[in-house]
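Asker: Encoded as structure tokens, here's the structure I'll be asking about.
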Amino acid sequence: MQDHAERLYYALKKSWSGETSSLWSRENPARGQGSVTALVVQDIFGGELAKTAVSGADHFYNILEGTRWDFTFSQFDIPVGYQDRLASRTEAMATITPLQYAYLSACIRKALGHG
Numbered sequence: 139m140q141d142h143a144e145r146l147y148y149a150l151k152k153s154w155s156g157e158t159s160s161l162w163s164r165e166n167p168a169r170g171q172g173s174v175t176a177l178v179v180q181d182i183f184g185g186e187l188a189k190t191a192v193s194g195a196d197h198f199y200n201i202l203e204g205t206r207w208d209f210t211f212s213q214f215d216i217p218v219g220y221q222d223r224l225a226s227r228t229e230a231m232a233t234i235t236p237l238q239y240a241y242l243s244a245c246i247r248k249a250l251g252h253g
């Protein structure tokens, strides 16, 4: 995973937009991208979804091969106190729209050459 992380992160940064989160902005492109990003990362690399409460809301990210991967931590201006509570896809999907998920998935798969 380490080999792919940098490439994946740059693909995510280029793909995040108002199409993938209504909270997106040029100043904070990772804002609101946690759920959709964690789901797409799980689709491609497997692993587990995890969540942590940040400012009263659940923040989703990935656990891959026993290592925490949070590609959207930069959205926060406070330190994230990771709790690593396992989460289901249903929980993460409940926070986004199917269109946001489909859009980011297509962008990332294209960027990584996965279809």
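Position 6 (the sequence shown) corresponds to 144 in our numbering; numbering is contiguous. Cβ atoms here follow ideal geometry from the backbone N, Cα and C, with glycine treated the same way.
Candidates Arg227, Pro167, Thr210 and Leu146: which alpha carbon is nearest valine 192's?
Answerer: Residue Thr210 is the option with its Cα nearest to valine 192.
Asker: Between the beta-carbon of leucine 242 and the beta-carbon of serine 153, is there less than 7 Å?
Answerer: Taking 7 Å as the Cβ cut-off, leucine 242 and serine 153 qualify as a contacting pair.
Asker: Could you check where the beta strand (DSSP E) with aspartate 196 kicks off and where it finishes?
Answerer: Start and end: 195–202.
Asker: Check each candidate in Val218, Lys189, Tyr148 and Leu150 and name the one with the smallest Cα separation from methionine 231.
Answerer: Comparing Cα positions, the closest option is Lys189.
Asker: Rounded to whole angstroms, what is the Cα-Cα separation between isoleucine 246 and valine 178?
Answerer: Taking the straight line from one Cα to the other gives about 8 Å.
Asker: Which first and last residues belong to the alpha helix (DSSP H) in which valine 192 is found?
Answerer: That residue, valine 192, is in no alpha helix (DSSP H); its beta strand (DSSP E) goes 186–192.
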